[in-house]
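Read left to right, the sequence shown gives residues 752 to 1151 (our numbering). Glycine included, each C-beta is placed from N, C-alpha and C at the ideal position. Note that this is a predicted model, so its numbers are computed, not measured.
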Amino acid sequence: RERGWRVKELAVSHAFHSRLMDPMLEEFASVVAGLDWRVPRIPIVSNVTGAVADAAEITVPGYWVRHVRQPVRFADGVATLRAQGVDTFLEIGPDAVLTAMAAEADTADDVRYVATLRRSQPDVTTLTTAAGQLWAAGVAVDWAAYLGQTGTRPRAVELPTYAFDRQRYWLEDPQPGSAPERADAPSDEQFWAAVESGDLGVLGEDLAVGADEPSTALLPKLARWRRATQQRAVVDSWRYRATWRTAAVPDSATLAGTWLLLMAPGQEDHPVAAALAARADRAVPVLIPAGADRDRVARLLLEAMSSDARDAHVVSLLSLAEPREASPVPAAAEVSTALAVVQALTDVGGSGRLWWLTRGAVSVGDSDELADVAGSAVWGLGRVVGLEVPLRWGGLVDLP
């Protein structure tokens, strides 16, 4: 302590590895001489020499007598393991004592020190954490044996075999000076400088305004117009501008191929179904009962698809069914139904796309009331499906 070292008194009967052990060495030698020695199957680093022990060296009683008496060359043992390429140390004991000492002996960043138990933490927590650390370090862990002790049955899941692109798709802030700045001509700068400063003399010369012409009335208007233009330019640079354009649809437009119309019972005479049937080359109604799960929807789709219609497109009218109350319960049920349809289409295969119709589920302005909460929830799901399975997703259409 006088030297500034941290010390701890050990609760032991003798100071091992010191001259205080001399009185017991003779009796200890006679005891170990009667033991049956075996050559170890795992290499052992000797605490007596600090090197990898020879099999013949550690299977004689005299070695263990020296082990009790001589200093522990722990740091040399760590250096020996590191020289042999060892980068993961596992301590099997009641506390993380040796791992801390090993970390002090070798401070390299690429070395892992794992303790199986810690006095201040639950045994299960430290053991499972140690197994995870070893696995992350590249050590082969028998997970089947480990999980078998917990009563669970592990199931292996195959990862994708394609290479990950590792590309970033976040929008980055533009770098300063990355975009060319638009500069005004010198004459423009002088003109607008005169407007902003209110210099009637310079402005009159630039505009060739006569002495009897009211330039004093023109200047304030130009100044206000200039300031408003600058403010609009600044605001426009902060946002995107959404514009609506009318899409012209020819009266003779037809839906080529086979189209499956998903309807709830009672929607057989729905005007939208009639309009789709009138324009499609072939329209096949498919009744989806309430609460139908993924498997049942898949069976209904297979029954409706003929052998030559595996590429049939699908239009869902399920969100147009009546009645519809605005509450979370029907919204959850409708999202569940939409998800079941998407999953069923994936199960049955084919190359057709799914279109989902709603009414009043999207608002495009303050005057456009949002009337269908459940349909809005389906729109949220549809945006995700469009990213997850883009080849099977046609889109969402909110009818007026």
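M772 has no beta-bridge partner at all, per DSSP. When only Cα atoms are considered, M852 and W1144 end up about 60 Å apart. Counting C-beta atoms within 10 angstroms of its own C-beta, H1021 has 16 or more neighbours from the protein chains shown and is therefore classed as buried. In the displayed model, S1067 falls within a strand according to three-state DSSP. In the DSSP secondary-structure assignment, A1007 is not bridged to any residue. The alpha carbon of D1149 has as its nearest neighbour, out of G755, G1133, G836, the alpha carbon of G1133.
Y814 sits in a helix when the DSSP states are folded into three classes. Here R863 really is in contact with A888; their C-beta atoms are around 5 Å apart, less than 8 Å. A residue is called buried when at least 16 other Cβ atoms come within 10 angstroms of its Cβ; L910 does not meet this threshold and is exposed. Counting of Cβ neighbours within 10 angstroms places T997 among the exposed residues, the total staying below 16.
Segment contact: the segment 829 to 846 against the segment 861 to 876, three or more CB-CB distances shorter than 8 Å; contact assigned. G1017 carries a coil assignment under DSSP once its states are collapsed to helix, strand and coil. Where R863 is concerned, the enclosing beta strand (DSSP E) starts and stops at 863 to 866. Across the structure, A891 and T880 are spaced so that their CA atoms are roughly 15 Å apart. For E778, the closest of G813, L1038, R789 by C-alpha to C-alpha distance is G813.
In terms of CA proximity to A1084, A1128 leads the group A826, A1128, A1004, L1013.
Around R752, the same chain offers V758 as residues with beta carbons nearer than 7 Å, after the five sequence neighbours per side are excluded.
One thing to note: A1091 has its Cβ within 8 Å of the Cβ of A1043. Listed in chain order, the alpha helix (DSSP H) runs fully inside the segment 1073 to 1140 are 1079 to 1099, 1124 to 1139, counting runs of at least 4 residues.
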